[in-house]
Amino acid sequence: MSEEEHQEEVSFEQAMDKLEKIVEKLEEGEVPLEKAIAMYQEGMSLSSTCHEKLRQVENQMDRIVEEDGEIKPLSNEEDTE
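Heads up: the sequence shown begins at 72 in the numbering used here, then just goes up one per residue.
Structure below.
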């Protein structure tokens, strides 16, 4: 399983927690350069995962509430945007 596939399986909260830990370690400045680069890449991937999960939730919320405020049924289809 690739790192990207694994990150699709983690919850938003898990991804944010891991991202925060990476940022803390990088901010400490005690990480060797090669490891810092790898951590930075992982952090960017986690950031992208979080952004996508937020976009999906936003789209789901848009489907729940119509412009006039009425609740409409939710389908299980994923957005392809």
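Quick reminder that beta carbons are idealized off the backbone N, C-alpha and C, glycines included.
If you look at V102, you'll find it isn't in any alpha helix (DSSP H); DSSP assigns it neither H nor E. A Cβ-Cβ contact shorter than 7 Å links M110 with L97.
The beta carbon of D88 sits closer than 6 Å to none of the beta carbons in its chain outside the five residues before and after it.
The straight-line gap separating the alpha-carbon atoms of K92 and M132 is approximately 29 Å.
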